[in-house]
Amino acid sequence: MKQEVKTEVKVEVKAEAPSVATGAGNGKRQVASDSDSDDDIPISGLAKRKKLKVETKVKTEKARVTTPSSRSTPRKAKKRVIKIKIRQQECTEELYETLKGQLAQELLCRWWYAMEWPPVRASSPKLHGVQELDGYPGAFIRVKGDDLGSIIDTRSSVGKPSFLHFFAMSSEDLLKLLLQAYDKQMEVLVEHEGPDVPLLKELQKARASAARINPEKAERGVRKVLKNFAELEREIKEVALKEAEEEEEEDEDDDDDDTADD
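This note's numbering puts the first residue of the sequence shown at 32, with every later residue one more than the last.
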């Protein structure tokens with residue numbers, strides 16, 4: 032009887048021992064695959080660490096997914112600004128090609144024969160160490176000091192000869208001013224070079240071509256171009272408004288950050 036009991040106990044112990052050893056061995060292999068430093072960490076601690084890793088990974092993936100959408104808005108706004116600039120250039124080029132644009136360009140080549148700019152001043156500004164540029168009254172160049180060679184422009188921008196300034200005039204006034212410039216240029220040319228100078232015939236031909244332009248037709252051509260670009264002004268205003276709103280939001284965010292720091 033005693034012998035049977037001893038045999039049963041031994042069998043049970045031997046049967047259980049491999050299972051415990053096998054379980055411990057599996058546990059060690061699992062932990063070792065993650066990290067050698069986790070050998071002494073309880074199973075509950077490992078479970079928490081794995082959960083933390085999973086949550087961190089999920090949050091990172093979400094952040095990566097939302098990042099492109101957050102950057103898409105400034106990128107779209109930048110593309111829109113570029114598109115508007117291209118449209119502005121196209122509009123300017125088409126205005127140059129109109130009859131009125133051609134009149135303005137011709138006047139830019141000889142405006143000093145028809146108008147005086149800058150206006151004559153009663154007294155010139157008192158500047159030291161400068162010399163006035165020949166043919167450019169009101170513009171000076173420094174001949175002394177550290178800024179040697181730099182230009183000082185004291186001329187008023189009012190009535191400044193430019194394409195925009197001439198284009199803002201009526202086609203009728205623009206044409207009159209251009210014909211006046213041609214007449215004065217030919218007069219000065221004959222006075223200095225004589226009546227047989229080849230350039231005189233070219234100027235006469237150019238003046239006759241300009242004189243045939245109908246001012247009303249020139250204005251209609253401008254209105255037609257501006258009509259095609261009517262939406263350009265609206266787009267520019269929308270972009271300007273959007274930029275103003277973004278600046279206000281950035282200022283508010285900066286104020287909030289300062290308050291949080293305090």
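Virtual Cβ for every residue (Gly too), placed ideally from N, Cα, C.
- [ ] Give the single residue among Ser-193, Gly-160, Gly-190 whose Cα lies nearest to the Cα of Gly-180.
- [x] Looking at the Cα atoms, Gly-160 is the closest of the given residues.
Task: Spatial distance of Leu-257 from Phe-197 (CA atoms) - done: Distance between the alpha carbons of Leu-257 and Phe-197: 17 Å.
TODO: Identify, in the order they occur along the chain, each residue of the same chain with its Cβ nearer than 8 Å to the Cβ of Ser-201, setting aside the five sequence neighbours on each side.
DONE: Around Ser-201: Pro-246, Glu-250.
Task: Ranges of the beta strand (DSSP E) found wholly within the stretch 125 to 206, counting only runs of at least 3 - done: Segments of the beta strand (DSSP E) lying fully in the stretch 125 to 206: 161 to 163, 170 to 173, 182 to 184.
Task: Whole-angstrom distance between Lys-110 and Lys-59, CA atom to CA atom - done: Its pLDDT being 45, under 50, Lys-59 is placed unreliably in this model, and the value from its coordinates should be taken loosely. In a straight line, the C-alpha of Lys-59 is about 58 Å away from that of Lys-110.
Open item on the list: Within the continuous alpha helix (DSSP H) that includes Val-253, where are the two ends?
Closed with: Bounds of the alpha helix (DSSP H) holding Val-253 are 246 to 259.
Task: Whole-number beta carbon distance between Tyr-144 and Gln-235, since they are thought to touch under 8 Å - done: Rounded, the Cβ-Cβ distance is 15 Å, inconsistent with contact.
Task: Where the alpha helix (DSSP H) through Arg-243 begins and ends - done: For Arg-243, there is no enclosing alpha helix (DSSP H), since its DSSP letter is neither H nor E.
TODO: Could you check the C-alpha separation between Gly-132 and Glu-203 for me, to the nearest Å?
DONE: Those two C-alpha atoms are separated by around 13 Å.
TODO: Please classify Glu-137: is it buried, with 16 or more other beta-carbons within 10 angstroms of its beta-carbon, or exposed?
DONE: With a 10 Å radius around the Cβ and a threshold of 16 neighbouring Cβ atoms, Glu-137 comes out buried.
Task: Top-ranked residue by Cα proximity to Ala-135, from Ala-199, Lys-157, Asp-178 - done: The shortest Cα separation from Ala-135 among Ala-199, Lys-157, Asp-178 belongs to Ala-199.
Open item on the list: I need the DSSP call for Asp-214, collapsed to helix, strand or coil.
Closed with: Reduced to three states, the DSSP call for Asp-214 is helix.
Open item on the list: At the level of alpha carbons, what is the spacing between Lys-232 and Val-221?
Closed with: Rounded to whole angstroms, the gap between the alpha carbons of Lys-232 and Val-221 is 11 Å.
- [ ] Closer than 6 Å by C-beta to Arg-186: which residues in its own chain qualify, once you throw out the five before and the five after it? Chain order, please.
- [x] The residues are Pro-149, Gly-169.
Open item on the list: Taking only three categories from DSSP, how would you classify Pro-229?
Closed with: Helix.
Open item on the list: What does the alpha-carbon distance come out to for the pair Phe-260 and Phe-171?
Closed with: Each residue's alpha carbon lies about 41 Å from the other.
- [ ] Determine the closest residue to Ser-240 out of Gly-225, Lys-116, Ser-193, Leu-210, with distance taken between C-alpha atoms.
- [x] Per the Cα distances, Leu-210.
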